[in-house]
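Trainee: In our numbering, the protein residues as written are 1 to 171.
1. Between residue 19 and residue 34, what straight-line distance do the alpha-carbon atoms span, to the nearest angstrom?
2. My assumption, with CB atoms under 8 Å, is that residue 62 sits in contact with residue 105. Please give the rounded CB distance.
3. Quickly, what does DSSP pair residue 9 with across the bridge? List them, please.
4. Does the Cβ-Cβ distance between residue 90 and residue 77 come in under 8 Å?
5. Taking the alpha-carbon of residue 120 as reference, which of 36, 9, 171, 88 has the nearest alpha-carbon?
6. Buried or exposed, going by whether 16 or more other CB atoms sit within 10 Å of the CB of residue 103?
7. Smallest Cα separation from residue 71: which of 115, 22, 5, 36?
8. Can you give the beta carbon distance from residue 115 to residue 66, rounded, assuming they're within the 8 Å contact cut?
9. Let me know if residue 138 comes out buried or exposed under the rule of 16 or more other beta-carbons within 10 Å of its beta-carbon.
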């Protein structure tokens, strides 16, 4: 499945995308707000097949993100997927972009497209997002996309709780 936005190409990832996934998710800079830091190769090798499997099971998931300007270069991964919030599965918006793609509005463009997809194509009533309190750029993206802060998630015991954001489909 391929979708396009004004500047982005969103594609279902394949096994061939693993190395780029690891480069982005393993980069300490892209994990500046993640208490665990950059993803290890072993962890990436566990998580990436789960991303591919999510597509197989649900027919949607995190997209491989490219720009129309440079369609041969993956700049990140993001979109919607089911995520366990301790005990409850919720439709979650998530993304991670290469540092070279930061500050260009790509996260907002992706998020807005994912929201439209979640509400109009998947027909879901709400979309959630989890963000670390210090991650001001991602909080800004969520607020720009009309998400509301609705709670906290103790996903890193002993550390400040993550923020839960929610966007409800308008009736």
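Using N, Cα and C, we set each Cβ at its ideal position, and we do this for glycine too.
Keep in mind the model is a prediction, meaning the values are calculated, not measured.
Mentor: Let me lay it out:
1. 20 Å
2. 19 Å between Cβ atoms; not a contact.
3. 4, 66
4. no
5. 171
6. exposed
7. 5
8. Incorrect: roughly 20 Å between the Cβ atoms, too far for contact.
9. buried
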